[in-house]
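Line by line, the protein sequences are chains G and S. For the first sequence, counting from 1, position 139 maps to 154 in the working numbering; every step adds exactly one. For the second sequence, counting from 1, position 123 maps to 138 in the working numbering; every step adds exactly one. Even glycine gets a Cβ: it sits at the ideal position worked out from N, Cα and C.
Number of protein chains: 2
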Amino acid sequence: MQRTDFGDMTCSIARTLDIAGEPWSPLIIRDVWVGIRRFDELQRDLGISRKVLTERLTWLVGHGVLERRQYSDRPPRHEYALTAKGLELTEVLMAISAWGDRWTAGAAGPPTLLRHRACGEHVHAEVRCSHCGEPLHGDDVEVDEGPGARR
Amino acid sequence: MQRTDFGDMTCSIARTLDIAGEPWSPLIIRDVWVGIRRFDELQRDLGISRKVLTERLTWLVGHGVLERRQYSDRPPRHEYALTAKGLELTEVLMAISAWGDRWTAGAAGPPTLLRHRACGEHVHAEVRCSHCGEPLHGDDVEVDEGPGARR
DNA sequence: GTAGTAAGTTCCTTCAAGCAACTGACTGGA
DNA sequence: TCCAGTCAGTTGCTTGAAGGAACTTACTAC
Numbered sequence: 016m017q018r019t020d021f022g023d024m025t026c027s028i029a030r031t032l033d034i035a036g037e038p039w040s041p042l043i044i045r046d047v048w049v050g051i052r053r054f055d056e057l058q059r060d061l062g063i064s065r066k067v068l069t070e071r072l073t074w075l076v077g078h079g080v081l082e083r084r085q086y087s088d089r090p091p092r093h094e095y096a097l098t099a100k101g102l103e104l105t106e107v108l109m110a111i112s113a114w115g116d117r118w119t120a121g122a123a124g125p126p127t128l129l130r131h132r133a134c135g136e137h138v139h140a141e142v143r144c145s146h147c148g149e150p151l152h153g154d155d156v157e158v159d160e161g162p163g164a165r166r
Numbered sequence: 016m017q018r019t020d021f022g023d024m025t026c027s028i029a030r031t032l033d034i035a036g037e038p039w040s041p042l043i044i045r046d047v048w049v050g051i052r053r054f055d056e057l058q059r060d061l062g063i064s065r066k067v068l069t070e071r072l073t074w075l076v077g078h079g080v081l082e083r084r085q086y087s088d089r090p091p092r093h094e095y096a097l098t099a100k101g102l103e104l105t106e107v108l109m110a111i112s113a114w115g116d117r118w119t120a121g122a123a124g125p126p127t128l129l130r131h132r133a134c135g136e137h138v139h140a141e142v143r144c145s146h147c148g149e150p151l152h153g154d155d156v157e158v159d160e161g162p163g164a165r166r
């Protein structure tokens, strides 16, 4: 989808960007997540060209992030839904959104709020350590070689 | 940097993507984060064209994600470093990386591992609720209008 | 039989990506 | 003093993806 192929870099960030890193894709995934599931709705909401939207949807379906399903037989009508793989990407979106709220919202405040159903509060996403549960910041970690490292 | 301007959409995801959503930017930020700070090192490591790298670095410096500093006077030499704003983006990168490890790494396993200095373990990023600390998944939340919503 | 909707497809233009070569300021060695 | 090398870009050319608008197909509703 972009000129340089990120898919075979030995890096989980590059590989993720290869699947969903093209600038429109996160917005498409967000829209499907919040219930905007149909071609024309997506096109109107995003202001994306129909051609590019077709390409992105096909790509995301092909990579198992979205699935396309028929909700009407006659006339044949389709909508898009997140797969389990796609639904997990929304955690990345929540982290992106938290950063945007903090650094780009300005005095007006964040354009949207997230309500956590379990606790009922307006919350934001926090990135935490899977082992000890403490907040995980950029300078709290070291990067080591993993089993999938190359050469 | 892309054809459609995301910067004035009323959405923290779009605004974040406007700053750092072009496909190379997250990889540049990751590289600076792990210590690849100089122009030629970045160019070699990423295989990015020098022209595009120049544009991206200038853009990221202009948006306060990176800062350019001179580490040698004669000859004048520069390197790039993360600002506080940029360092917080690495939390998003860790979330992206966790998704990539889970869904794209395959049998070989993840190419890199993250060691959390505080607890000493190899860990991955988890997105959690800022209020109750429970894991935050895509279907655990509702999206409400925030104070910065438009119209 | 006309209007409308959903989900694309086709065509054309323009702008950004990729690539390679060049520049300029300096260092270090023969 | 000359040559090679390094760092940090800049310039110019080509190609391909993005954006936009119009068209298509298959149906429904009036």
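- Boundaries for Ala164 of chain G: no beta strand (DSSP E) harbours it, and the DSSP string shows neither H nor E there.
- Here Ala96 of chain G really is in contact with Arg52 of chain G; their C-beta atoms are around 6 angstroms apart, less than 8 angstroms.
- In terms of Cβ geometry, Pro41 of chain G and Gly161 of chain S do not form a close pair [threshold 7 angstroms].
- According to the DSSP assignment, Glu94 of chain S belongs to no alpha helix (DSSP H) but to the beta strand (DSSP E) extending over 92-97.
- Taking Gly22 of chain S as reference, the option from G:Leu61, G:Thr73, G:Asp55 with the minimal CA-CA separation is G:Leu61.
- Neighbours of Asp116 of chain S across chain G, judged by C-beta separation under 7 angstroms: Ser27.
- Residue pairing from DSSP places Glu157 of chain G in a beta bridge opposite S:Arg130.
- Between Glu136 of chain S and the set G:Asp155, G:Thr25, G:Trp114, the nearest pair of CA atoms involves G:Asp155.
- In terms of Cα proximity to Leu68 of chain G, the closest of G:Pro90, G:Ile44, G:Gly50 is G:Ile44.
- A Cβ of chain S is located within less than 7 angstroms of the beta carbon of Asp159 of chain G.
- As for any beta strand (DSSP E) of minimum length 3 sitting wholly inside the segment 42-98 of chain S, the runs are 81-87, 92-97, ordered along the chain.
- Gly124 of chain S has a beta carbon lying within less than 7 angstroms of a beta carbon in chain G.
- Inclusion of His139 of chain S and Ala113 of chain S in the CB contact set at 7 angstroms is warranted, their separation being smaller than that value.
- What Arg132 of chain S touches in chain G, judged by beta-carbon distance under 7 angstroms, is Asp155, Val156, Glu157, going in chain order.
- Under a 10 Å Cβ-count criterion, Asp55 of chain S is classified as exposed, with fewer than 16 other Cβ atoms of the shown protein chains found around its own Cβ.
- Within the DSSP bridge table, the entry for Val142 of chain G names S:Val142 as partners.
- Of all residues in the segment 42-72 of chain S, only Leu42, Arg45, Trp48, Val49, Gly62, Ile63 place a beta-carbon less than 8 angstroms from a beta-carbon of chain G.
- Among the bridge pairs identified by DSSP, His137 of chain G is matched with G:Arg130.
- Taking a Cβ-Cβ cut-off of 8 angstroms, the neighbours of Pro162 of chain G in chain S comprise Ala123, Gly124, Pro125, given in sequence order.
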